[in-house]
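S.K.: From first to last, the protein sequence lines are chains E and H.
Residue 100 in the numbering used here is what sits at position 98 of the first sequence, and the numbering runs on without skipping anything.
Residue 178 in the numbering used here is what sits at position 176 of the second sequence, and the numbering runs on without skipping anything.
Protein chains: 2
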Amino acid sequence: MSQMYDTVSAIKVQGGSQPIMEKVVKDEEIELIANETLKRKFSISPDSLKEFAVGYLLGEGLIRSLENINEINIEDHTINVQVDMEDFDIIQELVVGSDCFGGWRQKIEFVNKVESEFTVDKETIINSFNRLKESARIWQETGGTHVAALIYKDKFLSREDVSRHVAVDKVIGAGLLEEVDFKNSFIIYSGRMPADMLIKIARVGIPVLASNAAPTTSGYAVAQEAGVCMLGFVRGDRFNIYSHAERILL
Amino acid sequence: MSQMYDTVSAIKVQGGSQPIMEKVVKDEEIELIANETLKRKFSISPDSLKEFAVGYLLGEGLIRSLENINEINIEDHTINVQVDMEDFDIIQELVVGSDCFGGWRQKIEFVNKVESEFTVDKETIINSFNRLKESARIWQETGGTHVAALIYKDKFLSREDVSRHVAVDKVIGAGLLEEVDFKNSFIIYSGRMPADMLIKIARVGIPVLASNAAPTTSGYAVAQEAGVCMLGFVRGDRFNIYSHAERILL
């Protein structure tokens, strides 16, 4: 598939002005079709599409494990998947029916509490963000992506995307494919933390979400309820803990 | 309506740790219903809802002027509008049918070129961003909003929102209510610039969009095509011009 950016001509203005070549991040339209009936379009950075597909399906509750996927076929800008779920029709209706800008109020009742004894120490959080920044190659080139990483034992699975949601879908998918034990893992990333993001994390069973950005009130409510430790404004050697502080060793 | 943030208890970690009270930006679910048939939900900062409604309707092409709005009724979390358009059914289908994450490929053919001789000098761009930062009060408190401003003659209409799209809808709406001549105005804001944002700007007829963030390839394509001058990475005294540089006086 195509690379992650195009190079375009632009004019750089600072004091004077000069023509330059600039790298601009690619966003392409990808359609995900499950069982020929559930169809969703995404504006996405065109890489790691298999990881995106399985991560999205898991995060939306359309599958419970890789065993529920009978087939994935990625061709050009279309991802066709066949999934095997008894209650697919009911779940499909929920996913399609909820608007992407605000479906979380319907969804919150379907989120279970994350059952995990996982803890992580503050140095690991701070060091992981340094590594996240280094791994964000497309962001370094274009300034136009979000970056996420799923951390489990010695694995550090990072992905970038123009969409903060898709960046997280991709690392969840990568984790599923590498058989990460989600309840002993955590996610760090570069976006804000509203309810739909916390619901996704909680549904997968991940006990800690950390970001260099801000939470919102809806995300705060879900994090409290779902047993997720939410960290915000991780910058340099500092951060805020908004929920379930017992998961952080200070 | 409720204020723009809640105050919650959190733990601040830096060296040691201490309990603090933190302001967290509110995001609430708002439903916009047009002519009882077109229904869309948004996760939004709950202020300037009238501006949001008229700006969204104009930016999506559901109205052409304030005269097309017969009634707006805002009650709690629902905005009911009655609009008067001959081709409402056709347009409604386009708006509802396109997914919010990637409907722009269907929409691009409906975007007209911005017809305007408008120019702006580089000092005005740089000074406007300083003023934008000062006006971003909720961002200063919470770190959780996007901010946009529409600038026309001596007007500087700025609004904040958890959604970058809604921040822009709100300033477009504010401009429409204050009878701004859009073709001699410009928008500055804090978000990235993909196609759907450029299509909105172009449809309203605004000739310049400037951001402190990055463009994407889809936004670049639309800006070129639609006659919009797109500026990115406006930071301190520098910026990049990606399209229609003739609109910037250097």
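Where is the CB? At the ideal position from N, CA and C, for every residue including glycine.
Remember, it's a predicted structure, so these values are computed and weren't measured experimentally.
(1) When DSSP labels each residue in this structure, what does H:Lys43 get in the three-state scheme?
(2) Smallest Cα separation from H:Glu38: which of H:Ile46, H:His246 and H:Ile81?
(3) How many angstroms separate the CA atom of E:Met3 from the CA atom of E:Pro48?
(4) Measure from the alpha carbon of E:Val10 to the alpha carbon of each residue in H:Leu251, H:Val56 and H:Thr218, then state which is nearest.
(5) Output, in chain order, the set of chain E residues within a Cβ distance shorter than 7 Å of H:Phe241.
(6) Under 7 Å, do H:Ala216 and E:Gly146 count as touching if we go by C-beta distance?
(7) Answer with yes or no whether the minimum CB distance from H:Lys124 to chain E is below 7 Å.
(8) Can you give me the C-alpha to C-alpha distance between H:Asn214 and H:Gly234, rounded to a whole angstrom?
(9) Roughly how many angstroms lie between the CA atoms of H:Lys52 and H:Gly175, to the nearest whole one?
(10) Please identify, using Cβ separations under 8 Å, the residues of the region 69-86 of chain H that lie next to chain E, in order along the chain.
(11) Output, in chain order, the set of chain H residues within a Cβ distance shorter than 8 Å of E:Asp163.
(12) What is the rounded straight-line gap between the Cα of E:Val164 and the Cα of H:Pro209?
(13) Would you identify the three-state DSSP class for H:Cys102, choosing helix, strand or coil?
(14) Do H:Asn72 and H:Asp89 come within 7 Å of each other at the CB atom, strictly closer than that value?
(15) So is H:Val2 in contact with chain E if we call contact Cβ pairs under 7 Å?
(16) At what residues does the beta strand (DSSP E) containing H:Ala138 begin and finish?
(17) Buried or exposed: where does H:Lys115 fall if 16 or more other Cβ atoms within 10 Å of its Cβ makes it buried?
(18) In whole angstroms, give me the CA-to-CA distance for E:Phe44 and E:Leu34.
(19) How big is the Cα-Cα spacing for H:Ala12 and E:Phe188?
(20) Given a threshold of 16 other Cβ atoms within 10 Å of its Cβ, counted over all protein chains shown, does E:Pro21 qualify as buried or as exposed?
(21) Taking all protein chains shown into account, do 16 or more other C-beta atoms lie within 10 angstroms of the C-beta of E:Gly238, making it buried, or fewer, making it exposed?
(22) Would you say H:Leu200 faces chain E, with C-beta separation under 7 Å as the test?
(23) If the cut is a Cβ gap below 8 Å, which residues of chain H does E:Phe235 touch?
(24) Beta carbons nearer than 7 Å to chain H: which residues of the region 23-39 of chain E have them?
(25) Take E:Gly57 as the anchor and find which of E:Gly221, E:Leu152 and E:Leu211 has the nearest alpha-carbon.
(26) Less than 7 Å between C-beta atoms, sequence neighbours within five positions excluded: which residues of the same chain meet that for H:Glu143?
(27) Given this structure, state the Cα-to-Cα distance separating E:Gly177 from E:Ile93, to the nearest angstrom.
(28) At a CB distance below 7 Å, what residues from the region 181-212 of chain H approach chain E? Give them in sequence order.
(29) Run through DSSP, which three-state label would H:Lys25 get?
(30) Tell me which residue opens and which closes the beta strand (DSSP E) that H:Tyr7 is part of.
(31) Taking CB distances under 7 Å as the criterion, tell me whether H:Leu134 reaches chain E.
(32) Measure the C-alpha to C-alpha separation of E:Arg161 and H:Val224 and round it to an integer number of angstroms.
(33) Looking at the secondary structure, which residues open and close the alpha helix (DSSP H) in which E:Gly57 lies?
(34) Run down chain E in chain order and give the residues with a C-beta less than 8 Å from the C-beta of H:Asp49.
(35) Let me make sure I understand the geometry here. Which of H:Val149, H:Ile128 and H:Glu227 has the alpha-carbon closest to that of E:Gln16?
(36) Would you say E:Ser19 reaches chain H, if we count a Cβ-Cβ gap shorter than 7 Å as a contact?
M.R.: This is what the structure holds:
(1) Reading the second sequence from its first residue, position 41 is the one you call residue 43 of chain H. Three-state DSSP puts H:Lys43 in a strand.
(2) Against the second sequence, residue 38 of chain H aligns to sequence position 36. If we check each option's Cα against that of H:Glu38, H:Ile81 comes out closest.
(3) Along the first sequence, read from residue 1 onward, the residue named residue 3 of chain E stands at position 1. Along the first sequence, read from residue 1 onward, the residue named residue 48 of chain E stands at position 46. At E:Met3 the pLDDT is 44, less than 50, meaning the model places this residue with poor confidence; the figure from the coordinates comes in the next sentence. Roughly 7 Å separates the two Cα atoms.
(4) For the purposes of this step, residue 10 of chain E is taken as residue 8 along the first sequence, with counting starting at 1. Of the candidates H:Leu251, H:Val56 and H:Thr218, the one whose C-alpha sits nearest the C-alpha of E:Val10 is H:Thr218.
(5) Counting from one through the second sequence, the residue named residue 241 of chain H turns up at place 239. In chain order: Val15.
(6) By 1-based counting over the second sequence, the position of residue 216 of chain H is 214. By 1-based counting over the first sequence, the position of residue 146 of chain E is 144. The answer is yes: Cβ separation under 7 Å.
(7) What you label residue 124 of chain H is simply residue 122 of the second sequence in a count that begins at 1. Yes, because at least one Cβ of chain E sits closer than 7 Å to the Cβ of H:Lys124.
(8) As a position in the second sequence, residue 214 of chain H is number 212, starting the count at 1. As a position in the second sequence, residue 234 of chain H is number 232, starting the count at 1. Each residue's alpha carbon lies about 6 Å from the other.
(9) Against the second sequence, residue 52 of chain H aligns to sequence position 50. Against the second sequence, residue 175 of chain H aligns to sequence position 173. Rounded to whole angstroms, H:Lys52 to H:Gly175 spans 8 Å at the Cα level.
(10) Closer than 8 Å at the C-beta level to chain E, one finds no residue of the region 69-86 of chain H.
(11) Here the question's residue 163 of chain E lines up with position 161 in the first sequence. Here the premise fails: no neighbours, minimum Cβ distance about 11 Å.
(12) Your numbering for residue 164 of chain E matches position 162 in the first sequence. Your numbering for residue 209 of chain H matches position 207 in the second sequence. Taking the straight line joining both Cα atoms gives about 25 Å.
(13) To locate residue 102 of chain H, count along the second sequence from 1; it is residue 100. Note that H:Cys102 scores 46 on pLDDT, short of 50, meaning its location in the model is unreliable; the coordinates nonetheless yield the value given after this. Coil.
(14) As a first step, residue 89 of chain H is located in the second sequence; it is residue number 87 there, counting from the start. As a first step, residue 72 of chain H is located in the second sequence; it is residue number 70 there, counting from the start. Cβ distance not < 7 Å, so H:Asp89 and H:Asn72 don't count as in contact.
(15) The first residue shown for chain H is 3 and the last is 252, placing residue 2 of chain H beyond what the model contains.
(16) Taking the first residue of the second sequence as position 1, residue 138 of chain H is located at position 136. Taken as a continuous stretch (DSSP letters only), H:Ala138 belongs to no beta strand (DSSP E), as it is neither H nor E.
(17) Translated into the one-based positions of the second sequence, residue 115 of chain H becomes position 113. Exposed, by the Cβ-count rule.
(18) Counted from its first residue, the first sequence places residue 44 of chain E at position 42. Counted from its first residue, the first sequence places residue 34 of chain E at position 32. Spanning the two alpha carbons is a distance of roughly 8 Å.
(19) Locating residue 12 of chain H in the second sequence gives position 10, counting from the first residue. Locating residue 188 of chain E in the first sequence gives position 186, counting from the first residue. Their Cα atoms are separated by approximately 20 Å.
(20) Locating residue 21 of chain E in the first sequence gives position 19, counting from the first residue. Exposed is the call here.
(21) The residue given as residue 238 of chain E occupies position 236 in the first sequence. Under this definition E:Gly238 is an exposed residue.
(22) Position 198 of the second sequence, counted from the first residue, corresponds to residue 200 of chain H. Under the 7 Å criterion on CB atoms, H:Leu200 is classed as non-interfacial with respect to chain E.
(23) As a first step, residue 235 of chain E must be located in the first sequence, where it is residue number 233. Going along chain H in sequence order, the residues near E:Phe235 (Cβ under 8 Å) are Gly145.
(24) Glu24, Val26, Val27, Lys28, Asp29 and Glu31
(25) In the first sequence, residue 57 of chain E corresponds to position 55, counting from 1. Selected option, being the one with the closest Cα: E:Leu152.
(26) Taking the first residue of the second sequence as position 1, residue 143 of chain H is located at position 141. Cβ within range, chain order: Tyr7 and Lys25.
(27) Within the first sequence, numbered from 1, the residue matching residue 177 of chain E stands at position 175. Within the first sequence, numbered from 1, the residue matching residue 93 of chain E stands at position 91. Each residue's alpha carbon lies about 23 Å from the other.
(28) Hits within the stretch, in order: Arg194 and Pro196.
(29) Position 23 of the second sequence, counted from the first residue, corresponds to residue 25 of chain H. In the structure shown, H:Lys25 sits in a strand (DSSP, three-state: E or B).
(30) Residue numbering aside, residue 7 of chain H sits at position 5 when the second sequence is read from its first letter. From DSSP, the beta strand (DSSP E) with H:Tyr7 extends over Tyr7 to Gln16.
(31) The count along the second sequence starts at 1 and reaches residue 134 of chain H at position 132. It does not; no Cβ of chain E falls within 7 Å.
(32) As a position in the first sequence, residue 161 of chain E is number 159, starting the count at 1. As a position in the second sequence, residue 224 of chain H is number 222, starting the count at 1. One C-alpha to the other measures close to 27 Å.
(33) As a first step, residue 57 of chain E must be located in the first sequence, where it is residue number 55. Start and end: Leu51 to Gly61.
(34) Within the second sequence, numbered from 1, the residue matching residue 49 of chain H stands at position 47. Per Cβ cutoff of 8 Å: no residues; H:Asp49 is ~14 Å from chain E at best.
(35) Residue 16 of chain E sits at position 14 when you count from the first residue of the first sequence. Among H:Val149, H:Ile128 and H:Glu227, the Cα nearest to that of E:Gln16 is on H:Ile128.
(36) Within the first sequence, residue 19 of chain E is the residue found at index 17, counting from 1. It does; some Cβ of chain H falls within 7 Å.
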